[in-house]
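Residue numbers (the working numbering): 25 to 235.
For glycine and all other residues, C-beta sits at the position ideal for the given N, C-alpha and C.
Bear in mind the structure is a predicted one, so any value in this text is a computation, not a measurement.
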């Protein structure tokens, strides 16, 4: 088999599967070759079995490097949350994409909407409150769901103070009961980190973070 014929067929297949861009540089990187090395392969009149075995070894090593580089990628870390109501006030979202800074936040929202992975909510002191994952929903969808979800294990002590028009009375005049209250993440979370993770590793990464 001629090298040029082999590379044309291989490149067409990889481009068709959206695995590489339609360039020689992309093909060379995928095969673990330099552009000059790719040109050398293209000039071969007859590819030997030994040469093909050597190329397969290069491809395997290149695939491992790509997997290691892309398995876990941070999208955002310790992003300050700014709670806002969603459209029609149906629930809360972690920030608004309207107003000043909207270009950055819209880009972040788009990125969260494009990937699966794991995420962490932190309190105002940077301590982890909740670790979550998503394989089916996008990170944005799952983060928004978790932000509004009732969690029976999440309680803080509170005192109910009057909201209506009423004269103030000191604590020694009017005792108000201190009692645990169930709160949602949007009442406590101040920061968020989110990571894009390969689907096959999401559960393992979540388990590692929880430990």
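Best match in the options for proximity to residue i [C-alpha to C-alpha]
i: residue 80; options: 55, 94, 102; result: 55
i: residue 114; options: 192, 168, 235; result: 168
i: residue 73; options: 89, 26, 43; result: 26
i: residue 159; options: 220, 60, 118; result: 220
i: residue 136; options: 161, 189, 107; result: 161
i: residue 203; options: 184, 218, 191; result: 184
i: residue 233; options: 64, 96, 38; result: 96
i: residue 207; options: 171, 134, 218, 38; result: 171
i: residue 131; options: 116, 111, 228, 164; result: 164
i: residue 174; options: 116, 75, 77; result: 116
i: residue 28; options: 43, 64, 42, 123; result: 64
Opposing strand residues paired with residue i [DSSP bridges]
i: residue 216; result: 103, 145
i: residue 98; result: 219
i: residue 155; result: 144
i: residue 202; result: 183
i: residue 138; result: Answer is none; residue 138 lacks a bridge partner.
i: residue 117; result: 108
Distance CB(residue i)-CB(residue j) smaller than 8 Å
i: residue 226; j: residue 140; result: yes
i: residue 82; j: residue 31; result: no
i: residue 230; j: residue 157; result: yes
Spatial neighbours of residue i in its chain, beta-carbon cut-off 7 Å, leaving aside the 5 residues before and after
i: residue 69; result: 26
i: residue 49; result: 59
i: residue 71; result: 25, 27, 30
i: residue 148; result: 214
i: residue 44; result: 38, 50, 51, 54
Residues of its chain near residue i, where Cβ-Cβ distance is below 8 Å and the 5 sequence neighbours each way are ignored
i: residue 126; result: 120
i: residue 216; result: 100, 102, 103, 105, 118, 143, 144, 145, 146, 167
i: residue 52; result: 58, 59, 61, 62
i: residue 94; result: 222
i: residue 46; result: 35, 39
i: residue 201; result: 183, 184
Neighbour flag for residue i against chain B, beta carbons, 8 Å
i: residue 138; result: The structure shown contains no chain B, having only a single protein chain.
Closer than 7 Å: residue i CB and nearest the ligand SAH heavy atom
i: residue 25; result: No copy of the ligand SAH appears in this structure; indeed no ligand is present at all.
Other residues of its chain near residue i: CB distance less than 6 Å, five sequence neighbours each side excluded
i: residue 108; result: 117, 120
i: residue 110; result: 117
i: residue 129; result: 119, 121
Pair every Cβ in the region 101 to 108 with every Cβ in the region 83 to 92, then say whether three or more of these pairs are closer than 8 Å.
-> Of all C-beta pairs linking the region 101 to 108 to the region 83 to 92, fewer than three are shorter than 8 Å, placing the two stretches out of contact.
If you pair each beta-carbon of the region 149 to 157 with each one of the region 209 to 226, do three or more pairs fall below 8 Å?
-> The region 149 to 157 is in contact with the region 209 to 226.
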